[in-house]
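Chains A and B are the protein sequences, given in the same order.
Per the numbering used here, residue 365 is the first one in the first sequence, and the count goes up by one each step.
Per the numbering used here, residue 293 is the first one in the second sequence, and the count goes up by one each step.
Think of the CB as a built atom: it goes at the ideal place given N, C-alpha and C, for glycine as much as any other residue.
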Amino acid sequence: MNFDLSEDQRLLKDSVGRWLARSYAFEHRARILASPEGWSRATWAQMAELGLLGLPFAEADGGFAGGPVETMIVMEAFGHALVVEPYLPTVVLAGAVLRHGASAEQRRRLVPLITDGSLVLALAHGEPQARWHTADIATRAVEAAGGWRLSGAKSLVLHGESADRLIVSARTGGAPRDPNGIGLFLVDRKAPGVVVHGYPTQDGQRAAEIGFQDVRVPAEDVLGDVANGLPVVEHAIDEAIAAIAAEAVGAMEAALGMTVNYLKTRTQFGVPIGSFQALQHRAADMFIALEQARSMAFLAVMSAADDDGARRRRAMSAAKIQTAKSARFIGQEAIQLHGGIGMTMEYKVGHLFKRLTMIERQFGDLDHHFGCLAAAGSLLDDA
Amino acid sequence: MDLRFTDEELAFRREVRAFLRESLPPEIHRKLAEGCRLGKADLVRWTCILHARGWAVPHWPVEWGGVDWDPVRQMIFRDEVQQFPAPETLSFGTSMVGPVIYTFGSDAQKRRFLPRIATLEDWWCQGFSEPGAGSDLAALKTRATRDGAQWVINGQKAWTTLAQHADWIFVLARTDGSARKQQGISFILIDMTSPGISVRPVQTIDGGFEVNEVFFDDVRVPLENLVGAENRGWDYAKFLLTNERSGQARIGLSKARLRRIRALASTPRNGAPVLIEDPVFRRKLAELEVEVRALELTQFRVIADERHKEQGRPNPASSILKIKGSELQQATTELLMDVLGPAGLVRHAESGPAAFDWARGGTSTYFNLRKLSIYGGSNEIQRTIIARAILGL
Ligand SMILES: Cc1cc2nc3c(=O)[nH]c(=O)nc-3n(C[C@H](O)[C@H](O)[C@H](O)COP(=O)(O)OP(=O)(O)OC[C@H]3O[C@@H](n4cnc5c(N)ncnc54)[C@H](O)[C@@H]3O)c2cc1C
């Protein structure tokens, strides 16, 4: 049992934390959100310089050989600062698909471009009918001379309109909801037949609906086995769940910190409101919820590389459930204990609440993961 | 003991519903049903329709446009309006300053202001809270000093809802700095076009503009705009806040939202299985329906009790209505988000894809209704009222 960070991991944590404190202040973020793209290419370039964009990739592929713990450190810091750049879609989601599903040749071609910041990617997997079911894929891929042709619709593709290339899941065989017969394809966002409709999400980030009309994909851009891509996507989503569990911990920690500070400084009835025991107990409950979520984020992170897919999925559902419960509780309480000021866009705590509300439901809401876990049997023997 | 409505009451309910069906403009109905914001024009239009029917201010005294309904009918009316859903009239006028004016105001004030409140010719806003005076309202610092035939007002109000539309604001201002906190406060009516007033809109987390900061810089107000006696404003404010509190259960709104949830969860979309077939979801829906029903019966009891109590005395049980009513409204928005699923992540900007139109207003309502447990006397303050005034702790 060891929860300590290594020397290198501590350095990473310090440098990311210092960089964000210096260059990602709340007011600066507000300007980024108001910009046309909704995120900052300059910040992206700084992330490349800091080595964050190549973090999870093998050195042989042009990366820096970090693991899930390194991703956790980065995402936790991003949660604190409410970073909106497309790190989750590019590095975590698409990055995981490349690591688990692409050929060595494809990785050597793409990873250096991610690492130096010149390639933004998105994972186009979810579909309008799918809710959170990962196998519910109706987009079709049919073989055509020298490659494949894709047709279908993808929904809520994170940063879909900013991505240079999309990783698209499509059915090469099998019926809808069949876990077999799903392939993964790398598609240029500007390819003929790709129609992207971008829009803001509730936390100030961006997503897109994307239509594919007979889009041609050359054979070299097929990622892995055309009939067996789902396990790769599921592994990527599991890594993303671990990543946003860590991001949520950062955001919850920030919300609790702001709340405790407010309780100490806001006076009503001639005393700091933090002297009211009713509010002290609420803050104590927030602290408990944060620590429970932190524990489960560790479980998610330490399970992210588990090759036993079923056990890994159980851990992720469990972590996602705790994350969602804590995120909702802490987000709501942070607003409540701030009173009116918590309700405004001019103050950071409301933005933390909004991001936490999205994390609560990203990659499956409480009911979805309770359903997964209930169907999978007991968690107790996994320890 | 009888929990049923009488035949006459049921007939009255049908009459109200029929009126709403015939008279509410469909565009306004649609906006409300989808949880979207109404514009000022919508509310003015609807208030005029209500006024033409004689129902704009049914709870007022008959001589000022009220209807002689007993408390049960008043409640049925509100419940039908909320469930339909139809807009409620602007509470700052009809439920806050109106009753203060007809209870404590001068005859001249009654004649001047009440008719224009009933028709929404005057849009009123509530200038109570300040940056340093929220739960501790009596800590307010805005000053009114006498200068000849005028009050001179200086200070700042915070969180003033819809002040951007307002013609008038009622404020609590300190008229005697030497008295005990609650005792040097007066209740003053101020024309929003007076020189020296500025309004700064503040965006809320749902993205809307509903609250404002209102600044007073040497604003001159005729002495006659004082309501009641100088330095007695706190009593009028307490009267007003108690009325506000009991109106906040808004059970009809929770019922309407639960109906919308059931309808959305039963509608097939993109060929996906409908949520209503999921027993876990149905259980959650049932759970909220039970809570709503319990609160509705509690509200009936509070109303029945009012008949035995002396008029105008605050009933501390109204704190139950405020706490549970706000919590249930918030809980129904959480369940609504469960129905929306991934579509709830979308923000509905002008450019948003039409595929998500059915989910419009869901998540932003969830964000917006966090306010319910903060304003109107926060739920923490209400719990303290129950502990002290009812339980004697
Ligand atoms: C959307 C919105 C609209 C509003 N509209 C209006 C309006 O039109 N006009 C107007 O005058 N005001 C309005 N208000 C203001 C509202 O009445 C205040 O926000 C409310 O009184 C709480 O005050 P505060 O925000 O200063 O919070 P604070 O009083 O600072 O409270 C912060 C936290 O401390 C808690 N707390 C405070 N005192 C105690 C105590 N003794 N024991 C336990 N807990 C305590 C509170 O419950 C809260 O959780 C509005 C507020 C909102 C959010």
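* To do: Report whether the distance from the Cβ of K703 (chain A) to the nearest heavy atom of ligand 1 is below 6 Å.
  => As a working note, residue 703 (chain A) is residue 339 in the first sequence. Residue identity check: residue 703 (chain A) is Gly in the sequence provided, not Lys. True, at least one ligand heavy atom lies under 6 Å from that Cβ.
* Per DSSP, which residues does E422 (chain B) bridge with? Please list them. => In the second sequence, the residue the question calls residue 422 (chain B) occupies position 130. Answer is B:A425.
* Is any heavy atom in ligand 1 found nearer than 6 Å to the beta carbon of R680 (chain B)? -> On the second sequence, position 388 is the one that residue 680 (chain B) refers to. Not so, every heavy atom of ligand 1 lies at least 6 Å from the Cβ.
* Endpoints, beta strand (DSSP E) assigned at H561 (chain A) -> Residue 561 (chain A) sits at position 197 when you count from the first residue of the first sequence. Element bounds for H561 (chain A): 558 to 564.
* Enumerate in chain order the residues of its own chain whose CB-to-CB distance from K576 (chain B) is below 8 Å, with the five nearest sequence positions on each side excluded. => Position 284 of the second sequence, counting from 1, holds the residue named residue 576 (chain B). If we look at K576 (chain B) and ignore the five residues flanking it on each side, its Cβ neighbours are L627, D630.
* Taking 8 Å as the threshold, find out whether the segment 665 to 674 of chain B comes into contact with the segment 306 to 317 of chain B through three or more Cβ pairs. => no
* Asked: Would the beta-carbon of N535 (chain B) fall within 7 Å of that of P353 (chain B)?
  -> Position 243 of the second sequence, counted from the first residue, corresponds to residue 535 (chain B). Position 61 of the second sequence, counted from the first residue, corresponds to residue 353 (chain B). Contact flag unset, no.
* Asked: With burial defined as no fewer than 16 other Cβ atoms inside 10 Å of the residue's Cβ, what is the status of K628 (chain A): buried or exposed?
  -> The residue labelled residue 628 (chain A) in the question sits at position 264 within the first sequence. The residue in question, K628 (chain A), is exposed, as its Cβ has fewer than 16 Cβ neighbours within 10 Å.
* Asked: Using the rule of at least 16 other Cβ atoms within 10 Å of the residue's Cβ for burial, across every protein chain shown, is N625 (chain A) buried or exposed?
  -> Position 261 of the first sequence holds residue 625 (chain A). The residue in question, N625 (chain A), is exposed, as its Cβ has fewer than 16 Cβ neighbours within 10 Å.
* Any chain A beta carbon closer than 7 Å to D428 (chain B) -> Residue 428 (chain B) sits at position 136 when you count from the first residue of the second sequence. It does: the Cβ of D428 (chain B) has a partner Cβ on chain A nearer than 7 Å.
* **Beta-carbon separation (whole angstroms), G695 (chain A) vs A619 (chain A), contact threshold 8 Å** => For this step, residue 695 (chain A) is matched to residue 331 along the first sequence. For this step, residue 619 (chain A) is matched to residue 255 along the first sequence. Indeed, because the Cβ distance is near 7 Å, the residues count as touching under 8 Å.
* Spatial neighbours of R658 (chain A) in its chain, beta-carbon cut-off 6 Å, leaving aside the 5 residues before and after -> If you number the first sequence from 1, residue 658 (chain A) lands on position 294. Cβ within range, chain order: V613.
* Work out the CA separation of T339 (chain B) and P363 (chain B) for me, nearest whole Å. => For this step, residue 363 (chain B) is matched to residue 71 along the second sequence. For this step, residue 339 (chain B) is matched to residue 47 along the second sequence. Straight-line Cα distance between these residues: approximately 21 Å.
* **From B:L637, B:F376, B:W451, B:G476, residue whose alpha carbon lies closest to that of G544 (chain B)** => What you label residue 544 (chain B) is simply residue 252 of the second sequence in a count that begins at 1. With distances taken between Cα atoms, G544 (chain B) lies closest to B:F376.
* Which of helix, strand or coil does DSSP assign to E491 (chain A)? -> Numbered from 1 along the first sequence, position 127 holds the residue referred to as residue 491 (chain A). E491 (chain A): coil per DSSP, three-state reduction.
* Just to check, is the beta-carbon of K689 (chain A) closer than 6 Å to a non-hydrogen atom of ligand 1? -> Within the first sequence, residue 689 (chain A) is the residue found at index 325, counting from 1. Outside the cutoff, so no.
* In terms of residue numbering, what span does the beta strand (DSSP E) encompassing F576 (chain A) cover? -> On the first sequence, position 212 is the one that residue 576 (chain A) refers to. Per DSSP, F576 (chain A) belongs to the beta strand (DSSP E) from 570 to 582.
* Asked: Within the present structure, is the beta-carbon of T452 (chain B) separated from the nearest heavy atom of ligand 1 by less than 6 Å?
  -> As a first step, residue 452 (chain B) must be located in the second sequence, where it is residue number 160. Result yes, Cβ under 6 Å from ligand 1.
* To do: Using a Cβ-Cβ cut-off of less than 7 Å, give me the residues of the segment 475 to 494 of chain B that come near chain A, in sequence order.
  => V494
* Asked: Got a sec: does ligand 1 put a non-hydrogen atom nearer than 6 Å to the Cβ of L643 (chain A)?
  -> What you label residue 643 (chain A) is simply residue 279 of the first sequence in a count that begins at 1. For ligand 1, at least one heavy atom lies less than 6 Å from the Cβ of L643 (chain A).
* Measure from the C-beta of Q373 (chain A) to each C-beta in chain B and report whether the shortest distance is under 7 Å. => Here the question's residue 373 (chain A) lines up with position 9 in the first sequence. No, Q373 (chain A) does not count as interfacial toward chain B.
* To do: Could you spell out where the alpha helix (DSSP H) holding P363 (chain B) opens and where it closes?
  => Translated into the one-based positions of the second sequence, residue 363 (chain B) becomes position 71. Segment 363 to 375, the alpha helix (DSSP H) holding P363 (chain B).
* Roughly how many whole angstroms lie between the Cα atoms of R414 (chain A) and G419 (chain B)? -> The residue labelled residue 414 (chain A) in the question sits at position 50 within the first sequence. The residue labelled residue 419 (chain B) in the question sits at position 127 within the second sequence. According to the sequence provided, residue 414 (chain A) is Leu. The question's Arg does not apply to it. Near 51 Å, if we compare the C-alpha coordinates of G419 (chain B) and L414 (chain A).
* Which residues share a DSSP beta bridge with D535 (chain A)? -> Here residue 535 (chain A) refers to the residue found at position 171 when the first sequence is read from its first residue. It is worth fixing the name first, because residue 535 (chain A) is Arg in this sequence and not Asp. In the DSSP output, where bridge partners are listed per residue, R535 (chain A) has A:R504, A:I546.
* Could you please give me the residues that DSSP links to E505 (chain B) through a beta bridge? => In the second sequence, the residue the question calls residue 505 (chain B) occupies position 213. Paired residues: B:R492.
* N- and C-terminal bounds of the beta strand (DSSP E) containing D439 (chain B) -> Locating residue 439 (chain B) in the second sequence gives position 147, counting from the first residue. That run of the beta strand (DSSP E) goes 435 to 439.
* Hey, out of A:G575, A:W512, A:E697, A:M722, whose CA is closest to L637 (chain B)'s CA? -> As a first step, residue 637 (chain B) must be located in the second sequence, where it is residue number 345. Of A:G575, A:W512, A:E697, A:M722, the residue nearest in Cα terms is A:M722.
* Could you tell me which chain A residues have their CB closer than 8 Å to the CB of R575 (chain B), listed as they occur along the chain? => Reading the second sequence from its first residue, position 283 is the one you call residue 575 (chain B). Correct list: empty, because the minimum Cβ distance to chain A is about 11 Å.
* Asked: Start and end of the alpha helix (DSSP H) containing N625 (chain A)?
  -> Residue mapping note: residue 625 (chain A) aligns to position 261 of the first sequence, counting from 1. First-last of the alpha helix (DSSP H) with N625 (chain A): 594 to 629.
* Taking all protein chains shown into account, do 16 or more other C-beta atoms lie within 10 angstroms of the C-beta of D378 (chain A), making it buried, or fewer, making it exposed? -> Position 14 of the first sequence, counted from the start, is the residue given in the question as residue 378 (chain A). When all chains shown are included, D378 (chain A) counts as exposed.
* **Endpoints, the alpha helix (DSSP H) within which A445 (chain A) is located** => Here residue 445 (chain A) refers to the residue found at position 81 of the first sequence. Taken as a continuous stretch (DSSP letters only), the alpha helix (DSSP H) holding A445 (chain A) covers 432 to 445.
* Count the CB pairs spanning the segment 407 to 427 of chain A and the segment 466 to 475 of chain A that are closer than 8 Å, and state whether there are at least three. => yes
* Asked: Cβ atoms of A517 (chain A) and G562 (chain A): under 7 Å apart, would you say?
  -> Within the first sequence, residue 562 (chain A) is the residue found at index 198, counting from 1. Within the first sequence, residue 517 (chain A) is the residue found at index 153, counting from 1. Not closer than 7 Å, so no.
* From B:L515, B:A325, B:S546, B:T434, pick the residue whose C-alpha is nearest to that of V506 (chain B); which is it? -> Your numbering for residue 506 (chain B) matches position 214 in the second sequence. Cα-wise, what sits closest to V506 (chain B) is B:T434.
* In the DSSP assignment, what are the bridge partners of K449 (chain B)? -> What you label residue 449 (chain B) is simply residue 157 of the second sequence in a count that begins at 1. Paired residue(s): B:V506.
* For A578 (chain B), does the three-state DSSP call read helix, strand or coil? -> As a working note, residue 578 (chain B) is residue 286 in the second sequence. Helix at A578 (chain B).
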